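*Asks:* Before I ask anything, here is the structure I am working with.
Protein chains: 2
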Amino acid sequence: MADIQALIQRQARRVTSYDVASLAGVSQSAVSRCFQPGASVSKATFARVMEAAKALDYTPNAAARSLNTRRSNQVALLVSNLVTLHYPEIVTELSRHFSGHGLRILLFSFTDEGDIDRTLSEVWQHQIDGAIVAARLGPQQVAEFERRAVPFVLFNRHLRERVVNAVVCDQAEAARILVSRLAAGGHRRFALIEGPRGSVVAQDRSRGVSARLAQLKLAPPLIVRGNYDYDSGARGLREIIATLGAPPDAVICANDLTAMGCLDCARHDFQLDVPGQLSITGFDGVPQAGWLSYRLTTVRQPVEQMTLAVTEMLTDMIAGGPGRPQQRVFAATVVDGATARLGPAF
Amino acid sequence: MADIQALIQRQARRVTSYDVASLAGVSQSAVSRCFQPGASVSKATFARVMEAAKALDYTPNAAARSLNTRRSNQVALLVSNLVTLHYPEIVTELSRHFSGHGLRILLFSFTDEGDIDRTLSEVWQHQIDGAIVAARLGPQQVAEFERRAVPFVLFNRHLRERVVNAVVCDQAEAARILVSRLAAGGHRRFALIEGPRGSVVAQDRSRGVSARLAQLKLAPPLIVRGNYDYDSGARGLREIIATLGAPPDAVICANDLTAMGCLDCARHDFQLDVPGQLSITGFDGVPQAGWLSYRLTTVRQPVEQMTLAVTEMLTDMIAGGPGRPQQRVFAATVVDGATARLGPAF
DNA sequence: TTGTAAGCGTTATCAC
DNA sequence: GTGATAACGCTTACAA
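Here it is in structure tokens:
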């Protein structure tokens, strides 16, 4: 008893496996084994060790463990804050999924995507077991991941140059389907409010739109630049109407946020009937798009499935070595809302 | 040169400070010093070491470092996903602020707040330097933080029993002001769509509303339970109207999301003129509340200031020991939108 | 099954 | 300013 008290006293100095060992009357390595998954310990020792551990409030020191296992059980999540604002759920979803595999998320977020190099140098300091990258990554940065043999998966990004591990949603295909159905609904004159220049996703969407319009022998869209935010919608629409002198048949917005801004501007500022006089569509399928005031016609990305795929890919790589790079592509689905006159899905 | 090549070859096995030392022709401890802030190294050695480090792509091993400094430079962020959905920005904001102090955020998120105990046992494994808790924490859990001498700050939570380190927004006061101005605007019959039972913030808001109404000698509000989400708004309003047989003068919603759901339901389903026939208010001041379709009358929490305060408090504690517990209270401000007839601020 | 002892890659404490 | 050397708290052969 006095023994326990003495040890508890020392606890301010941190309880180690030695303390537990001496209280339980076993060796330190026995204690260590008790805290490992498939160890070889007798029922009796295990019980005594656990009792002692509980009495002392002992928890293994992760730093020491990771020092010789060379695994930190930590995964870096690199996100630009654009991502967190649009899909707040992916951060917590990833955290939940990974914690099921005993992995924790170490967060690296940044405003300016140019900061990525500085961020990466911070990343290397931590002995992360892998990384999820939901931000722009250049070829030389990808090369650094490979040189350091750190498993990584890109989220909704890809490299044009070659295949790297990535989970993406087929944006161009989504755009094609959307345009097809709008065309089938009778729209002829299109405008497009683009996303920010730096975004590959935005580029894919824009290209998909233009490509499909060309295929259908329709006039190319009037393109104005946006920034993925709510205000871009109103700014974009004003610019479009100013340029054309009248509303087009349809405005395709780079994402839902922009579309909702555009919609509000069309209705409140221009008193336009949407979709009577003008169709407006978004991309993403965020929860707000479903709200009664919007019921936006959009294209939904299967975010939940995508985060699951990321988890699966990364944990596999961590467990079993590199394997060959693969890209998992998910299809988006059109959400037939109340802001566009879509033709049949044929 | 051959030397460098040999070392680079071995890099697959991980570059250590010894590798750098031997390449630079100095001792290992010299290398170590070069990577410490206020070390004592000559310009010459520093230069040579850095050159060698760059050549080998050396980065200090954080696990080893934290093993004997007893600091991981990691801070745990405990959030229920309610928080992340409502304030997606706080996660990235905290990450940004802390990274300015050389601290990284280790994310612990959970759906069910009951999971907190299991989560905490995971937290202790990592040698975190501190914790931010944006989730419900009971007295015994607070005690555990204290017993383990882990600095922590509660975000928008507090303990009824005693003062612990916390950054909060004065919800009750916010509710009082809101009710006062609604009363000054001529409202007499109030209804309240509450937040989830478990939320202290929601409770404070409810109590503030009831207390102020009582003070003003107005009838107590009709209270219906909600869940902080968009659907709660419509469900709540239907229940209120069913119970009263007619709309009240004002519906105070526990948060913006609920208020927007309530607003949409009032306008689209009940064809009510808001704020002509009915006033609706929220709490929080989320970005969506400002959108043209809503222009919600609400009460804004100074989230940015609050995250800054958290950062300051926690980094101070990490640097300078415990200090005495303090609570930093911020005031909310009424956002005079277009969904309620508010009286003067007097 | 259990104990002994050698790392893991740093930082910290000394002499020099 | 610099270089030995002892921690830090664990995992992991290897021997018993």
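Just so you know, the protein sequences line up as chains A and B, in that order.
Going by our numbering, the first sequence opens with residue 65, and the numbers climb by one from there.
Going by our numbering, the second sequence opens with residue 65, and the numbers climb by one from there.
Note that CB positions come from ideal geometry on N, CA and C, so glycine has one too.
None of these values were measured; they are calculated from a predicted model.
1. Given this structure, state the Cα-to-Cα distance separating residue 267(A) from residue 390(B), to the nearest angstrom.
2. Tell me whether the beta-carbon of residue 417(B) lies closer than 8 Å to the beta-carbon of residue 323(B).
3. By the DSSP assignment, the alpha helix (DSSP H) with residue 236(B) in it spans what residues?
4. According to a CB-to-CB cut-off of less than 8 Å, which residues of the region 115-149 of chain A neighbour chain B?
5. Whole angstroms is fine: what's the gap from residue 241(A)'s alpha carbon to residue 397(A)'s?
6. Using a Cβ-Cβ cut-off of 8 Å (strictly less than) and excluding sequence neighbours within five positions of residue 64(B), which residues of its own chain qualify?
7. I'd like to know if the region 205-223 of chain A and the region 325-337 of chain A are in contact, where contact means that at least 3 CB-CB pairs between them fall below 8 Å.
8. Could you tell me the alpha carbon to alpha carbon distance between residue 42(B) and residue 181(B), rounded to whole angstroms?
9. Between the alpha carbons of residue 343(B) and residue 330(B), how many angstroms are there, rounded?
10. So which residues of chain B does residue 210(A) contact, with C-beta pairs closer than 8 Å?
11. How long is the line joining the alpha carbons of residue 349(A) and residue 165(A), rounded to whole angstroms?
12. Under a Cβ-count criterion, where at least 16 other Cβ atoms within 10 Å of its own Cβ denotes burial, should residue 273(A) be classed as buried or exposed?
13. Determine which residues share a DSSP beta bridge with residue 382(B) and list them.
14. Would you kindly work out how many angstroms separate the C-alpha atoms of residue 309(B) and residue 245(B), rounded to a whole number?
15. Report yes or no: is there a C-beta of chain B within less than 8 Å of the C-beta of residue 406(A)?
16. Report, in whole angstroms, the separation of the C-beta atoms of residue 285(B) and residue 327(B), which I expect to be a contact under 8 Å.
17. At a cut of 8 Å, does the region 114-126 of chain B reach the region 78-88 of chain B through at least three beta carbon pairs?
18. Judging by CA-CA distance, which residue of 186(A), 221(A), 402(A) is the nearest neighbour of residue 203(A)?
19. What span of residues does the beta strand (DSSP E) with residue 326(A) cover, start to end?
20. So the alpha helix (DSSP H) residue 343(B) belongs to, where does it begin and stop?
21. Any beta carbon of chain B sitting closer than 8 Å to that of residue 83(A)?
22. Please identify, using Cβ separations under 8 Å, the residues of the region 177-190 of chain A that lie next to chain B, in order along the chain.
23. Would you kindly check if the distance between the Cβ of residue 169(B) and the Cβ of residue 184(B) is under 8 Å?
24. From which residue to which residue does the alpha helix (DSSP H) around residue 172(A) run?
25. Which parts of the region 260-318 of chain A are runs of the alpha helix (DSSP H), unbroken and 4 residues or longer, counting only runs that do not cross its ends?
26. Cβ atoms of residue 187(B) and residue 219(B): under 8 Å apart, would you say?
27. If distances are taken between C-alpha atoms only, which option among 249(B), 374(B), 294(B) comes closest to residue 313(B)?
28. Could you name the residues that DSSP lists as bridge partners for residue 257(A)?
29. If you measure between the beta carbons of residue 234(A) and residue 394(A), is that distance less than 8 Å?
30. Below 8 Å on C-beta distance, what does residue 153(A) contact in chain B?
31. Going along the region 217-231 of chain B in order, which residues come within less than 7 Å of chain A, judged by CB to CB distance?
32. Report yes if the C-beta distance between residue 162(A) and residue 124(A) is below 8 Å; otherwise report no.
33. Should residue 133(A) go down as buried or exposed, given a rule of 16 or more other Cβ atoms within 10 Å for buried?
34. Under the rule that 16 or more other beta-carbon atoms within 10 Å means buried, what is residue 17(A), buried or exposed?
35. Please state if the CB of residue 362(A) and the CB of residue 401(A) are separated by a distance shorter than 8 Å.
36. Nearest chain A C-beta to residue 356(B) closer than 8 Å, yes or no?
*Replies:* Per the coordinate set shown:
1. 49 Å
2. Residue 417(B) lies beyond the range of chain B shown here (65 to 410); nothing can be said about it.
3. 235-248
4. 121, 123, 124, 125, 126, 127, 128, 130, 131, 134, 136, 138, 141, 143, 145, 148, 149
5. 9 Å
6. No statement about residue 64(B) is possible, as the shown extent of chain B runs from 65 to 410 and does not include it.
7. no
8. Limits of chain B in this structure are 65 at one end and 410 at the other, which puts residue 42(B) out of reach.
9. 10 Å
10. Here the premise fails: no neighbours, minimum Cβ distance about 12 Å.
11. 29 Å
12. buried
13. Its beta-bridge partners do not exist; DSSP assigns none.
14. 25 Å
15. no
16. 18 Å between Cβ atoms; not a contact.
17. yes
18. 221(A)
19. Where residue 326(A) is concerned, there is no enclosing beta strand (DSSP E), although the alpha helix (DSSP H) it sits in stretches over 320-328.
20. Not the alpha helix (DSSP H): residue 343(B) falls in the beta strand (DSSP E), residues 343-345.
21. no
22. 185, 186, 188, 189, 190
23. no
24. Not the alpha helix (DSSP H): residue 172(A) falls in the beta strand (DSSP E), residues 168-174.
25. 264-279, 294-308
26. no
27. 249(B)
28. 288(A), 317(A)
29. yes
30. 145, 148, 149
31. none
32. no
33. exposed
34. This structure leaves residue 17(A) out entirely; chain A is present only between 65 and 410.
35. yes
36. yes
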